[in-house]
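Below is one structure; the comments refer to it alone.
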Amino acid sequence: MALRMTSPTRRPNSTSHQFIRRVPADILKVARNERVILHFPRSKLGPPLFIQPKLGDVVSFSLGTNDKLLAKVRTSIAVTQLERAYEALRVGPTTLSQRQIIALSGEIYRLFVESFQENPGTPKDWASFKALNRAAREGRLENLPSIGFSFPQENDAAMSFFGQDLTEGVDSLPPSANSIALERRFGGLVSWVLGLHTILVDTASRHKLLVAVDQAVTDAAYALKRNADGDYSPDPKADRFPAFVQTGVVFFQALFDKWASERSPAASTQTTWRTAIKSLQNHVGHEDARRISETDVVSWKDGLVATGLSAKTINGSYLAALNVLYVFAIANKLLSENPAIGIRAATANKAGTRMLPYSTEEVGRLLSIAEHKGTPRRRWLIWLAATSGARIGEIAQLWGSSIVREDGIDVMRIMPAPDGGSLKNEGSERTVPIHSAVVAAGFLQFVKQQGNGPLFYRRSSGEPTKTHASKGVTNHLASWIREEGFVDPRKAPNHALRHWWKSQAVDADVQDSLADHIQGHATKSAAGGYRHFSIETVAKAVEKIPLPKPTRNVITSG
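Structure below.
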């Protein structure tokens, strides 16, 4: 059984939440029993946390809290950092430039200064710290204490190694070219900063970074020693560290996770777009967004066309996902170019392929079938869609609390379901009056029976990465409509109702801007965003489109 848990759990004898997740087989081949460094930054919910779990069949560790919300936040961070670490292991070690090495050491410098400058201890604390650093740098001792992330209380250790006069004590020990002490003293800091950026480096780069980190923390110790003496003037050495720019790998997985965490797209969008990006990775044989060229994108697109995917799917899902990720990466200074710009699958408006609305007779038949053969939920989904032009996926998210009375008119507030739902775009959120025929048929009694919760689905998980429960309702309704004989491939079982309503709005002389407002279409101009309609005006427009008379003998196969 897979142990791929993305929610915190608890051991029977522990009050803290635990993380457990299976390690991929390919990672175990190269890194079994290796440790990875995970960093949970300080937040309003809790302090920072650094851990180094070992990679076995599973990676497991305590999340360091019994607070459920903080545990969920740390679980999400752990999943992202582990995936990035795995990607680095798959790619293999890289060589750092001199600029990158100094930039990374600067992050250690800033970590020390920012952590301890408020309460820097005594000058003696930092004198002891520097003496131990020097002994490691010059290979004079091997068994030196490692530097961690808590305040360095090393006076006793320095005294035992060097005596009262620290400089004389260090000088009395023979120097050597042995780098064991350097790794022991600064290795944890180096591993932390590399893990922070998910970088795996070669041996030469690691040694250079150890040397640079020694210099950085020693510079920080000089600054903190001055702080301990009451001198808080700016440290000129703080300006010597450039910003770190990772010229190595930008992993699609990490890039996608960063985009998703900031933009919070619908779960269905995440699933579709992850599939698209995985398709590109499989095509080019690697996972580095920096290495993708225009030729790669064109070749990938041609391959998708060859598989039989429609141009609409390729352009609207596959290439759209790639474009959005690159635009995001450029905006966040992760990449400088978008190789997907202007690349599209050719489209041809062939006769006989454009999607069509239901006929009025077909709508009448569907309404009748829904009333007499469908469940109450199916009936009201179809009746509400036919009288409002709303998307079935929007109606499926309605709660009892979404059905209210405004200005004497019964309305439905179309909005993302409170338990993690989503709409197509910002303009999709709106208030739509309920047609009098729907009210007369007993819809409000149905709402009362269901209560304030979801009207058309059971509670959803609320997890943003999981498909919302209303999506299943939408898909099942489409399948049921097909089973009832509405099989014309040019008439989408759910969406053809929306097309029909739009056509009826034209025949009923409902102005386009008002019809677009009712259906949640984006405005066609910037000025449209300033136009607002009263509930009374919208209700009159809704009432202009009558329910078709029920019909039972319509041929629907087209």
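One gets the numbering used here by counting positions in the sequence shown from 1 and adding 97 to each.
Quick reminder that beta carbons are idealized off the backbone N, C-alpha and C, glycines included.
No experiment lies behind these values; they were computed from the predicted model shown.
Candidates ARG118, GLY490, ALA593: which alpha carbon is nearest LEU552's? For the purposes of this step, residue 552 is identified with residue 455 of the sequence shown, where counting begins at 1. The shortest C-alpha separation from LEU552 is found at GLY490.
The beta strand (DSSP E) spanning THR528 covers which residue range? Looking up residue 528 in the sequence shown gives position 431. Run containing THR528: 527-530, per the beta strand (DSSP E) assignment.
Assess, as a yes-or-no matter, whether the segment 168-176 is touched by the segment 297-316 under the definition of 3 or more beta carbon pairs within less than 8 Å. no
Please say whether LEU574 and LEU478 have beta carbons closer to each other than 8 Å? Taking the first residue of the sequence shown as 1, we reach residue 478 at position 381. Taking the first residue of the sequence shown as 1, we reach residue 574 at position 477. Taking 8 Å as the Cβ cut-off, LEU478 and LEU574 qualify as a contacting pair.
Using the C-alpha atoms, what's the distance from SER414 back to PRO586? Taking the sequence shown and counting its residues from 1, the one referred to as residue 586 is at position 489. Taking the sequence shown and counting its residues from 1, the one referred to as residue 414 is at position 317. Rounded to the nearest whole angstrom, the C-alpha separation of PRO586 and SER414 is 21 Å.
CA-to-CA distance, ALA638 to VAL607, given in whole angstroms: Counting from one through the sequence shown, the residue named residue 607 turns up at place 510. Counting from one through the sequence shown, the residue named residue 638 turns up at place 541. Using only the alpha carbons, I get a separation of about 6 Å.
Sequence-distant residues of its chain with Cβ nearer than 6 Å to ALA313 (five each side left out): Translated into the one-based positions of the sequence shown, residue 313 becomes position 216. Correct list, in chain order: SER202, ILE205, TYR206.
Whole angstroms are fine: how far does the CA of GLY518 sit from the CA of ALA320? For this step, residue 320 is matched to residue 223 along the sequence shown. For this step, residue 518 is matched to residue 421 along the sequence shown. Near 51 Å, if we compare the C-alpha coordinates of GLY518 and ALA320.
With H, G and I counted as helix, E and B as strand and the rest as coil, what does DSSP make of LEU512? Residue mapping note: residue 512 aligns to position 415 of the sequence shown, counting from 1. It is worth fixing the name first, because residue 512 is Met in this sequence and not Leu. In this structure, MET512 counts as coil in the three-state DSSP scheme.
Nearest to LEU541 by CA position, among PHE630, LEU495, LYS126, is which residue? Taking the first residue of the sequence shown as position 1, residue 541 is located at position 444. Looking at the Cα atoms, LEU495 is the closest of the given residues.
Which ranges would you report for the alpha helix (DSSP H) in the segment 558-601 if only whole runs of at least 4 residues count? 566-580
Spatial neighbours of GLY497 within its chain, please: C-beta separation below 7 Å, excluding the five flanking residues on both sides. As a working note, residue 497 is residue 400 in the sequence shown. The answer, listed in chain order, is VAL544, GLN547, GLY548, ASN549, GLY550, LEU552.
In or out: ALA624 buried (at least 16 other Cβ within 10 Å) or exposed? Taking the sequence shown and counting its residues from 1, the one referred to as residue 624 is at position 527. Caution is warranted here: a pLDDT of 49 is assigned to ALA624, below 50, making its placement in the model unreliable, and the coordinate value is therefore given only provisionally. Exposed: under 16 other Cβ atoms inside 10 Å.
Can you tell me the Cα-Cα spacing of THR444 and VAL402, whole angstroms? Reading the sequence shown from its first residue, position 347 is the one you call residue 444. Reading the sequence shown from its first residue, position 305 is the one you call residue 402. Near 11 Å, if we compare the C-alpha coordinates of VAL402 and THR444.
Classify ILE117 as helix, strand or coil using the three-state DSSP reduction. Counting from one through the sequence shown, the residue named residue 117 turns up at place 20. If DSSP states are grouped into helix, strand and coil, ILE117 belongs with the strands.
Mind reading off the beta-carbon distance from PRO150 to ARG139? Whole number of angstroms is fine, and I expect it under 8 Å. Taking the sequence shown and counting its residues from 1, the one referred to as residue 150 is at position 53. Taking the sequence shown and counting its residues from 1, the one referred to as residue 139 is at position 42. With 8 Å as the limit, PRO150 and ARG139 do not qualify as a contact, their Cβ atoms being about 20 Å apart.
Exposed or buried, TYR423, counting other C-beta atoms within 10 Å across all chains shown (16 or more means buried)? Along the sequence shown, one-based indexing puts residue 423 at 326. With 16 or more neighbouring CB atoms inside 10 Å of its own CB, TYR423 falls in the buried class.
Under 8 Å between C-beta atoms of THR162 and ALA168: Stepping through the sequence shown from its first residue, residue 162 is reached at position 65. Stepping through the sequence shown from its first residue, residue 168 is reached at position 71. Contact flag set, yes.
Restricting to Cα atoms, I'd like to know which of GLN616, ARG555, ASP164, LEU166 is closest to HIS592. What you label residue 592 is simply residue 495 of the sequence shown in a count that begins at 1. When each option's Cα is compared against that of HIS592, the closest is GLN616.
In the DSSP assignment, find the unbroken alpha helix (DSSP H) run with LEU321 in it and report its ends. Indexing the sequence shown from 1 puts residue 321 at position 224. Its alpha helix (DSSP H) spans residues 300-325.
Burial state of THR484, where buried means 16 or more other Cβ atoms lie within 10 Å: The residue you call residue 484 lines up with position 387 of the sequence shown. THR484 comes out buried.
Please name the residue, chosen from ASP507, THR315, HIS596, that lies closest to ARG451 on a Cα-to-Cα basis. Residue 451 sits at position 354 when you count from the first residue of the sequence shown. The closest CA to that of ARG451, considering only ASP507, THR315, HIS596, is found on HIS596.
In or out: HIS469 buried (at least 16 other Cβ within 10 Å) or exposed? Walking along the sequence shown from the start, residue 469 turns up at place 372. Flag for HIS469 reads exposed.
With PHE348 and ARG181 assumed to form a contact (beta carbons below 8 Å), what rounded beta-carbon distance in angstroms separates them? Along the sequence shown, one-based indexing puts residue 348 at 251. Along the sequence shown, one-based indexing puts residue 181 at 84. Between ARG181 and PHE348 the Cβ distance is about 6 Å, and since that is below 8 Å, they are a contact.
Does the structure place the segment 386-402 close enough to the segment 429-440 that three or more beta carbon pairs sit under 8 Å? yes
VAL267 and ARG231 closer than 8 Å at C-beta: As a working mapping, residue 267 is identified with position 170 in the sequence shown. As a working mapping, residue 231 is identified with position 134 in the sequence shown. Contact: yes.
Just the Cα atoms here: how many angstroms apart are ALA514 and THR192? Taking the first residue of the sequence shown as position 1, residue 514 is located at position 417. Taking the first residue of the sequence shown as position 1, residue 192 is located at position 95. Each residue's alpha carbon lies about 49 Å from the other.
Mind the definition here: the segment 230-248 touches the segment 322-341 only if three or more C-beta pairs lie below 8 Å; say whether that holds. no
Within this structure, are the beta carbons of SER159 and GLN195 separated by less than 8 Å? For the purposes of this step, residue 159 is taken as the residue at position 62 of the sequence shown. For the purposes of this step, residue 195 is taken as the residue at position 98 of the sequence shown. No, the pair does not count as a contact, with Cβ atoms beyond the cut-off.
Looking only at DSSP bridge pairs, what is LEU135 linked to? Taking the sequence shown and counting its residues from 1, the one referred to as residue 135 is at position 38. Answer is ILE148, bridged to LEU135.
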